[in-house]
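Counting the sequence shown from 1 gives a position; our numbering is that position plus 125.
Take a look at the structure set out below.
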Amino acid sequence: MARRYSKEFKERAVRLTAEHQQVHSCKRWPAAEAVALKLGISPHTLMDWIRQDDTRAKNGDDTAVDYAEENARLRAENIELRRVNELLKEASAFFASGTRPSSQEMITFIDKYRDRFGVEFICRSLAANRQGGFITSRGYRAFKRRIPSARALRDQELIPVLKQVHKENYSVYGARKLVKAMQQANYRVGRDQVARLMRVAGLRGSNRGRSPVTTRPAKTVDVRPDLVNRCFKAAGPNRLWVADITYVRTVSGFVYTAFVTDVYSRKIVGWATKRRLTTEALPLEALDQAITTARGSLGELVHHSDHGSQYVSIAYHERLVREGIGASTGSVGDSYDNALAESVNGLYKSELINLRKWQGVEDVEWETLCWVHWWNSKRLHSSLGYSTPQEVEDRYWEAQEAEIAGRLVVTA
Numbered sequence: 126m127a128r129r130y131s132k133e134f135k136e137r138a139v140r141l142t143a144e145h146q147q148v149h150s151c152k153r154w155p156a157a158e159a160v161a162l163k164l165g166i167s168p169h170t171l172m173d174w175i176r177q178d179d180t181r182a183k184n185g186d187d188t189a190v191d192y193a194e195e196n197a198r199l200r201a202e203n204i205e206l207r208r209v210n211e212l213l214k215e216a217s218a219f220f221a222s223g224t225r226p227s228s229q230e231m232i233t234f235i236d237k238y239r240d241r242f243g244v245e246f247i248c249r250s251l252a253a254n255r256q257g258g259f260i261t262s263r264g265y266r267a268f269k270r271r272i273p274s275a276r277a278l279r280d281q282e283l284i285p286v287l288k289q290v291h292k293e294n295y296s297v298y299g300a301r302k303l304v305k306a307m308q309q310a311n312y313r314v315g316r317d318q319v320a321r322l323m324r325v326a327g328l329r330g331s332n333r334g335r336s337p338v339t340t341r342p343a344k345t346v347d348v349r350p351d352l353v354n355r356c357f358k359a360a361g362p363n364r365l366w367v368a369d370i371t372y373v374r375t376v377s378g379f380v381y382t383a384f385v386t387d388v389y390s391r392k393i394v395g396w397a398t399k400r401r402l403t404t405e406a407l408p409l410e411a412l413d414q415a416i417t418t419a420r421g422s423l424g425e426l427v428h429h430s431d432h433g434s435q436y437v438s439i440a441y442h443e444r445l446v447r448e449g450i451g452a453s454t455g456s457v458g459d460s461y462d463n464a465l466a467e468s469v470n471g472l473y474k475s476e477l478i479n480l481r482k483w484q485g486v487e488d489v490e491w492e493t494l495c496w497v498h499w500w501n502s503k504r505l506h507s508s509l510g511y512s513t514p515q516e517v518e519d520r521y522w523e524a525q526e527a528e529i530a531g532r533l534v535v536t537a
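And the structure:
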């Protein structure tokens with residue numbers, strides 16, 4: 126008994142054949158064979174339906190559907206929707222959510238993406254899909270014909286400088302620090318102005334992630350007292366150092382970095398990067414650097430760390446005792462008891478490590494060297510009144526020398 130197929134089934138089979146022809150750029154018979162096989166029908170039967178559809182189309186039958194044309198239209202709509210989604214993704218990253226951007230920001234966005242999407246498409250799509258609307262293509266062209274205002278000319282001058290200063294500082298500065306850096310470079314700018322220009326230029330500060338725990342708990346009893354009690358303040362350099370270890374994931378395996386930081390100036394006074402997480406290879410080398418390069422006496426110095434086995438080791442303890450440095454530690458498992466050291470680790474990750482893929486210890490060590498130099502001599506620290514650690518330390522020693530010189534004059 127012959128099968129009876131519904132009108133909808135026949136239309137679908139014909140439509141799928143036409144679509145298969147276009148997608149695979151093949152003739153009608155191979156397309157009919159492929160579709161018929163998938164639908165479980167004879168390709169000859171399917172060809173009969175296709176010829177019947179052609180006949181209805183030629184005779185002007187309104188019920189006949191030009192499936193090839195319909196499929197082409199649907200594909201064009203899909204392409205359009207994909208382009209709109211791509212545009213909206215770029216716009217969401219460029220503009221603050223929920224607000225209508227300024228005219229200058231919209232113009233800058235169009236200038237950036239006009240070659241990729243086209244002016245008409247950008248204006249039409251964003252006007253239809255963004256809360257608050259968007260500038261029209263006519264408005265854009267009128268804006269471009271205007272003589273630039275003094276503010277626009279000033280913006281054109283400042284944006285390249287902002288980009289350069291931002292890049293020179295590992296692209297981590299937000300508006301507050303970028304304002305200070307620009308002012309130190311003798312540019313008269315304000316925070317609101319810099320924040321606006323950062324949006325126009327697509328610049329953002331870095332967000333610090335959570336710092337992982339990397340030190341191994343000591344198997345022996347840690348008898349060091351807590352001499353800090355979460356008070357991370359010091360009257361001068363070499364009064365309180367904090368130390369910690371973090372890790373870096375590389376292609377060739379884990380790499381470990383140890384830091385020693387002076388609490389008074391926030392200066393990283395010692396660091397080391399190694400493949401192995403051992404006392405002699407890592408934290409002891411960082412400590413040796415800190416001791417060797419220290420300026421002034423270490424007689425009042427306290428060294429504070431967590432309970433990691435590297436800091437409890439005999440070799441590390443003996444080095445501290447030899448220099449007359451007091452050893453201190455916080456409570457077990459409480460990150461607040463070594464908050465400053467953990468903060469340094471977190472910034473190291475967000476400002477350097479998380480920005481790229483690392484091959485091994487060699488490139489991590491080199492870039493850590495560059496980052497530490499920048500941290501100490503160029504990075505503005507809000508906790509230091511937007512000074513660098515080196516500036517803070519230099520001012521301290523200059524004041525000490527001036528005080529000594531004053532005493533000598535009085536004595537004479």
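We treat Cβ as the ideally placed atom computed from N, Cα and C, and that holds for glycine.
Take Tyr511 and list the residues in its own chain whose beta-carbon comes closer than 6 Å to its own, dropping the five residues that flank it on each side.
Lys305 and Leu505, listed in sequence order.
Pairwise C-alpha distance: Ala415 and Ser229
Looking at the sequence itself, residue 229 is Gln, so the reference to Ser does not match. Rounded to whole angstroms, Gln229 and Ala415 show a C-alpha spacing of 50 Å.
Rounded straight-line distance, which links the Cα of Leu287 to that of Asn294:
Near 11 Å, if we compare the C-alpha coordinates of Leu287 and Asn294.
Are the beta-carbon atoms belonging to Gln515 and Ser502 less than 8 Å from one another?
Their beta carbons are under 8 Å apart, which means Gln515 touches Ser502 by this criterion.
Which one of Asp240, Leu212 and Ile478 has the shortest CA to CA distance from Trp496?
For the residues Asp240, Leu212 and Ile478, the minimum Cα distance to Trp496 belongs to Ile478.
Would you list, in sequence order, the uninterrupted alpha helix (DSSP H) runs of no fewer than 4 residues that lie entirely inside the stretch 376-428?
Fully enclosed alpha helix (DSSP H) runs of 4 or longer: 408-418.
Going by beta-carbon coordinates alone, are Glu443 and Arg364 separated by less than 8 Å?
Taking 8 Å as the cut-off, the beta carbon of Glu443 is found no closer than this to the beta carbon of Arg364.
What is the rounded straight-line gap between the Cα of Trp500 and the Cα of Arg391?
Each residue's Cα considered, the two are about 9 Å apart.
Leaving out the 5 sequence neighbours to the left and right, which residues in its chain are closer than 6 Å to Phe220 when beta-carbon positions are compared?
Taken in chain order, the residues that qualify are Pro226.
Which full runs of the beta strand (DSSP E) of 3+ residues lie inside the stretch 449-499, going along the chain?
Qualifying beta strand (DSSP E) stretches, in chain order: 451-454.
Should the stretch 364-374 be regarded as contacting the stretch 422-437, the criterion being three or more beta carbon pairs within less than 8 Å?
Between the stretch 364-374 and the stretch 422-437 there are three or more C-beta pairs closer than 8 Å, enough to call the two in contact.
Taking Cβ to Cβ, would you say Thr398 is nearer than 8 Å to Ala466?
It is not a contact, given that the beta carbons lie outside the stated cut-off.
For Asn374, which residues does DSSP report across the bridge?
Checking the displayed sequence, the identity of residue 374 turns out to be Arg instead of Asn. Here Arg374 is bridged, per DSSP, to Phe379.
For a test of the three-state rule: what should DSSP assign to Ser150, helix, strand or coil?
When DSSP states are grouped into helix, strand and coil, Ser150 belongs to the coil group.
With a threshold of 16 other CB atoms inside 10 Å of the CB of Leu480, please say whether the residue is buried or exposed.
Residue environment: Leu480 is assigned as exposed (fewer than 16 neighbouring CB atoms within 10 Å of its CB, all protein chains considered).
Distance, Cα to Cα, Ser475 vs Gly330?
Inter-residue distance for Ser475 and Gly330 is about 10 Å (C-alpha atoms, whole angstroms).
Check whether Val314 and Met323 have beta carbons under 8 Å apart:
Taking 8 Å as the Cβ cut-off, Val314 and Met323 do not qualify as a contacting pair.
Where do the ends of the alpha helix (DSSP H) carrying Lys269 lie?
Its alpha helix (DSSP H) spans residues Ser262 to Arg270.
Please go through the same chain and pick out, in chain order, the residues whose beta-carbon is closer than 6 Å to the beta-carbon of Ile469, but skip the five residues on each side of it.
According to the sequence shown, residue 469 is Val rather than Ile. Cβ neighbours of Val469 beyond the five flanking positions: Phe384 and Thr386.
Among Arg207, Met231 and Phe357, which residue has its Cα nearest to the Cα of Gly258?
Closest by alpha carbon: Met231.
Identify which residue in Glu136, Lys482, Gly455 and Leu199 has its Cα closest to the Cα of Pro350.
Among Glu136, Lys482, Gly455 and Leu199, the Cα nearest to that of Pro350 belongs to Gly455.
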